[in-house]
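These protein sequences, in sequence, are chains S and X.
Numbering-wise, the first sequence is residues 1 to 365 according to UniProt numbering.
Numbering-wise, the second sequence is residues 1 to 365 according to UniProt numbering.
Taking it in order: structure first as structure tokens, then the write-up.
2 protein chains.
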Amino acid sequence: MTDSPARILRPGQTIGILGGGQLGRMLAEAASALGLKVHVHCPEAGSPAFDVAARHTLAAYDDLDALDAFAAAVDVVTYEFENVPGPTAAHLASRVPVRPGPRALAVAQDRLSEKDFLAAAGIALAGYAAIDTLSDLTQALARFGGKGVLKTRRFGYDGKGQVMIRDASAAAEAFTSLGGAGLVLEALIPFEKEVSVVAARSVTGEVAAYDITENHHEHHILKTSTVPAKVSPGTAAAARQIAGQILTALDYVGVIGVEMFVVGTGADEHLLVNEIAPRVHNSGHWTQDACLVSQFEQHVRAVAGWPLGSAARHSDVVMENLIGAEVDAWQTILTEPAARLHLYGKAESRPGRKMGHVNRIAPRS
Amino acid sequence: MTDSPARILRPGQTIGILGGGQLGRMLAEAASALGLKVHVHCPEAGSPAFDVAARHTLAAYDDLDALDAFAAAVDVVTYEFENVPGPTAAHLASRVPVRPGPRALAVAQDRLSEKDFLAAAGIALAGYAAIDTLSDLTQALARFGGKGVLKTRRFGYDGKGQVMIRDASAAAEAFTSLGGAGLVLEALIPFEKEVSVVAARSVTGEVAAYDITENHHEHHILKTSTVPAKVSPGTAAAARQIAGQILTALDYVGVIGVEMFVVGTGADEHLLVNEIAPRVHNSGHWTQDACLVSQFEQHVRAVAGWPLGSAARHSDVVMENLIGAEVDAWQTILTEPAARLHLYGKAESRPGRKMGHVNRIAPRS
Numbered sequence: 001m002t003d004s005p006a007r008i009l010r011p012g013q014t015i016g017i018l019g020g021g022q023l024g025r026m027l028a029e030a031a032s033a034l035g036l037k038v039h040v041h042c043p044e045a046g047s048p049a050f051d052v053a054a055r056h057t058l059a060a061y062d063d064l065d066a067l068d069a070f071a072a073a074v075d076v077v078t079y080e081f082e083n084v085p086g087p088t089a090a091h092l093a094s095r096v097p098v099r100p101g102p103r104a105l106a107v108a109q110d111r112l113s114e115k116d117f118l119a120a121a122g123i124a125l126a127g128y129a130a131i132d133t134l135s136d137l138t139q140a141l142a143r144f145g146g147k148g149v150l151k152t153r154r155f156g157y158d159g160k161g162q163v164m165i166r167d168a169s170a171a172a173e174a175f176t177s178l179g180g181a182g183l184v185l186e187a188l189i190p191f192e193k194e195v196s197v198v199a200a201r202s203v204t205g206e207v208a209a210y211d212i213t214e215n216h217h218e219h220h221i222l223k224t225s226t227v228p229a230k231v232s233p234g235t236a237a238a239a240r241q242i243a244g245q246i247l248t249a250l251d252y253v254g255v256i257g258v259e260m261f262v263v264g265t266g267a268d269e270h271l272l273v274n275e276i277a278p279r280v281h282n283s284g285h286w287t288q289d290a291c292l293v294s295q296f297e298q299h300v301r302a303v304a305g306w307p308l309g310s311a312a313r314h315s316d317v318v319m320e321n322l323i324g325a326e327v328d329a330w331q332t333i334l335t336e337p338a339a340r341l342h343l344y345g346k347a348e349s350r351p352g353r354k355m356g357h358v359n360r361i362a363p364r365s
Numbered sequence: 001m002t003d004s005p006a007r008i009l010r011p012g013q014t015i016g017i018l019g020g021g022q023l024g025r026m027l028a029e030a031a032s033a034l035g036l037k038v039h040v041h042c043p044e045a046g047s048p049a050f051d052v053a054a055r056h057t058l059a060a061y062d063d064l065d066a067l068d069a070f071a072a073a074v075d076v077v078t079y080e081f082e083n084v085p086g087p088t089a090a091h092l093a094s095r096v097p098v099r100p101g102p103r104a105l106a107v108a109q110d111r112l113s114e115k116d117f118l119a120a121a122g123i124a125l126a127g128y129a130a131i132d133t134l135s136d137l138t139q140a141l142a143r144f145g146g147k148g149v150l151k152t153r154r155f156g157y158d159g160k161g162q163v164m165i166r167d168a169s170a171a172a173e174a175f176t177s178l179g180g181a182g183l184v185l186e187a188l189i190p191f192e193k194e195v196s197v198v199a200a201r202s203v204t205g206e207v208a209a210y211d212i213t214e215n216h217h218e219h220h221i222l223k224t225s226t227v228p229a230k231v232s233p234g235t236a237a238a239a240r241q242i243a244g245q246i247l248t249a250l251d252y253v254g255v256i257g258v259e260m261f262v263v264g265t266g267a268d269e270h271l272l273v274n275e276i277a278p279r280v281h282n283s284g285h286w287t288q289d290a291c292l293v294s295q296f297e298q299h300v301r302a303v304a305g306w307p308l309g310s311a312a313r314h315s316d317v318v319m320e321n322l323i324g325a326e327v328d329a330w331q332t333i334l335t336e337p338a339a340r341l342h343l344y345g346k347a348e349s350r351p352g353r354k355m356g357h358v359n360r361i362a363p364r365s
């Protein structure tokens with residue numbers, strides 16, 4: 001089934017979501033508020049999104065019979081993680097609209113394809129090189145001053161699948177540790193800040209970008225997102241423009257997260273794109289409480305074929321992830337007058353596991 | 001099982017909700033965002049709240065086996081409608097905390113008990129009289145200037161179960177049409193405005209009241225709620241104080257809706273309580289988009305034994321109910337920048353049926 005003319009859902013119809021984590025759960029909450037049903041497909045029993053879905057399928061992503069039944073039961077398919085297997089997306093897309101489309105997924109789940117795509121679209125990136133042999137790595141390190149971050153092309157997240165190389169003598173060990181092929185070397189950027197933009201595009205090509213967010217990571221996991229980011233108005237506008245440019249170049253439908261580095265200061269301040277995530281994004285959770293329309297509602301609107309909502313922000317906000325045992329502070333957070341607690345319903349906290357987040361709100365500065 | 005000391009839920013535990021309509025659905029969305037599970041008990045197949053509940057029981061309210069299983073599966077019970085049968089509430093309350101408690105339910109589901117309770121608590125009401133005979137009615141009409149609204153003591157809502165009497169000659173017919181016993185006559189009040197206050201009380205006795213709301217009804221069904229209401233600051237403060245007084249007098253846990261009349265103007269402006277609803281209230285739907293903590297989150301916090309959130313309002317707002325075919329305007333409403341659409345997932349629109357609502361937001365005046 002093609003998606004042309006674009007399918008528009010009616011209230012009461014069903015969004016299928018691949019993946020049952022907290023992003024799927026918050027998408028389901030947003031879909032429910034708009035009168036839509038949700039059907040979650042996920043191979044993990046007890047997934048957080050199951051609790052708020054009208055239906056769920058507990059099956060592997062390569063279970064074709066389960067996928068066929070899922071496709072027949074839903075009116076559009078979306079996903080909450082970028083590592084949806086390509087054959088899964090293709091199989092579903094032949095039966096029901098998949099939004100964002102399989103092409104955006106293919107581009108975003110391979111670091112090299114993603115960087116090549118962004119470079120071809122005229123987006124400024126840090127230097128990078130495809131690495132398939134130790135010789136590739138040696139040559140690329142020489143170009144990048146002997147330093148860089150070596151990453152797997154696929155399946156990396158939260159610092160997994162990457163090794164920092166600060167000296168060329170460490171190259172061979174790093175190369176071997178990551179499997180010795182299918183890698184990308186990224187030049188080390190002396191950045192001032194890590195920022196991101198969450199933006200959406202509708203089936204009609206309408207774009208809405210939220211304000212740029214300043215992000216702080218701990219142990220390679222996002223810890224806080226602060227809005228407004230301390231960047232110049234020009235940089236803030238450029239960040240949103242870049243996100244829109246990427247959305248349009250991908251003929252994208254849904255919400256995207258675009259991570260960027262702020263490099264230079266004063267008149268030299270500029271942006272380099274780090275990576276994109278073809279889904280709602282952790283650095284956009286602040287929109288739940290500082291905007292009228294959250295990134296989750298925005299994604300639901302987009303994939304339903306509906307017009308986007310306003311991405312305007314009414315408050316300043318700091319989003320803090322509650323990771324592992326940090327969630328034990330929930331009772332204290334509930335007593336903070338300007339805090340809104342969001343918990344994901346995960347039965348067990350483990351080190352590094354995202355258990356919830358809190359948005360701390362202040363009047364707009 | 002008694003509720004003393006008060007049971008406090010942990011994230012991951014389950015709130016049982018009696019009733020599966022839109023109020024239950026929005027409670028379930030709010031509970032999910034706080035990491036709680038929901039189990040809905042409702043006798044109607046396809047109930048809107050089922051779609052966002054981790055579990056549901058499709059059974060009658062007097063099915064004791066089903067109630068026992070429900071009580072065993074949940075950690076606290078609440079309800080989304082005031083006509084929960086007393087024996088149902090009592091049966092559950094012997095097994096699991098029921099919040100608000102059975103006493104609040106008993107008071108609120110009988111107009112005469114409610115008025116007697118409020119009067120005993122020192123709350124100003126319009127004149128009323130218990131009517132069990134035609135003679136009662138004739139005498140009461142004489143006291144109230146020959147006019148009044150005759151209502152059934154139980155099961156009235158949205159204008160059902162009531163007859164306006166404008167002339168004593170119509171008394172007999174009105175009396176007969178409402179069953180000829182178990183009635184209340186309310187004096188006709190020359191009110192300036194209909195207003196309401198939604199407020200909450202926690203297990204520790206903490207009270208949080210939202211701003212007073214000005215309500216407009218059409219065909220006895222709430223059509224709009226506007227905040228701020230055009231009343232004096234003194235009246236606004238008095239309204240919240242009255243709501244708190246009622247909550248405390250009932251030893252209440254959860255959200256209550258208190259409907260009032262504004263009578264008189266200028267220095268004579270004052271309030272008379274019309275009725276209370278022991279649940280989240282349609283005139284509080286504006287809190288979803290004009291406050292950090294909605295009435296639904298507030299009710300969830302209260303019944304979970306958690307501290308209340310701030311009832312502060314960050315925006316002005318007009319809530320409009322979408323009744324019957326009005327919901328067909330959903331696509332247009334989605335394009336309004338300052339509007340947030342809420343749909344209830346009801347399969348079929350019928351005249352008088354509440355299908356959704358829209359909150360139209362403006363900066364705080």
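Ideal Cβ positions, reconstructed from N, Cα and C, are used throughout, including at glycine.
Local Cβ density within 10 Å of residue i, reported as buried at 16 or more and exposed below that
i        : result
X:LYS230 : exposed
S:ARG10  : exposed
X:LEU105 : buried
S:GLY148 : buried
S:HIS285 : buried
S:GLU44  : exposed
S:LYS160 : exposed
X:ARG350 : exposed
S:PHE175 : buried
X:MET164 : exposed
S:THR2   : With a pLDDT of 46 at S:THR2, under the threshold of 50, the modelled position of this residue cannot be trusted, and the question is left open.
Simplified DSSP state of residue i, which is helix, strand or coil
i        : result
S:GLN139 : helix
S:ASN282 : helix
X:GLN288 : helix
X:THR212 : The sequence shown places Ile at residue 212 of chain X, rather than the Thr named in the question. Coil, per DSSP.
S:SER169 : helix
S:ALA362 : strand
X:THR2   : At X:THR2, the pLDDT of 46 sits below 50, so the modelled position is not reliable; the number obtained from the coordinates is stated separately. Coil, per DSSP.
X:VAL198 : strand
S:PHE81  : coil
X:ASP251 : coil
X:THR204 : coil
X:SER225 : strand
X:GLY345 : coil
S:VAL74  : coil
S:LEU105 : helix
S:ASP328 : helix
Contact set between residue i and chain S, taken where Cβ atoms lie within less than 8 angstroms
i        : result
X:THR335 : PRO307
X:GLU44  : Going along chain S, no residue has its Cβ under 8 angstroms from X:GLU44, so there is no contact; the nearest lies around 15 angstroms.
X:ARG25  : SER32
Listed by chain order, chain S residues near residue i by CB distance under 9 angstroms
i        : result
X:ASP316 : By Cβ distance, chain S contributes nothing, its closest Cβ being about 12 angstroms from X:ASP316, past 9 angstroms.
Contact list for residue i against chain X, beta-carbon separation under 8 angstroms
i                      : result
S:LYS37                : ASP51, GLY345
residue 366 of chain S : With chain S represented from 1 up to 365, any question about residue 366 of chain S goes unanswered, as that position is not in the structure.
Residue i: contacting residues in chain S (beta-carbon distance under 7 angstroms)
i        : result
X:SER310 : PRO337
Start-to-end residues for the alpha helix (DSSP H) that takes in residue i
i        : result
X:PHE117 : 111 to 120
S:HIS220 : Careful: S:HIS220 lies outside any alpha helix (DSSP H) and carries neither H nor E.
S:VAL300 : 295 to 303
S:HIS91  : 86 to 93
Neighbour list for residue i in chain X, Cβ cutoff strictly below 7 angstroms
i        : result
S:ALA33  : GLU29, HIS342
S:GLY356 : GLY35
Segment limits, beta strand (DSSP E) that includes residue i
i       : result
S:ALA60 : Here S:ALA60 belongs to no beta strand (DSSP E), and DSSP marks it neither H nor E.
S:ARG25 : Run containing S:ARG25: none in the beta strand (DSSP E); it sits in the alpha helix (DSSP H), 22 to 33.
Proximal residues of chain X, C-beta to C-beta of residue i below 9 angstroms
i        : result
S:ILE361 : LEU292, HIS314
Closer than 8 angstroms to chain A by CB, residue i
i       : result
S:ALA54 : The displayed structure is made up of protein chains S and X, and chain A is not among them.
#### Entry: Contact list for the segment 7 to 18 of chain S against chain X, Cβ threshold 7 angstroms
PRO11, GLY12
### Residues within the segment 261 to 292 of chain S neighbouring chain X, beta-carbon criterion of under 9 angstroms
GLN288, ASP289, LEU292
### Within 9 angstroms of chain X by C-beta, residues of the segment 179 to 208 of chain S in sequence order
none
#### Entry: Selection of the segment 120 to 136 of chain X by Cβ proximity to chain S, strictly under 7 angstroms
none
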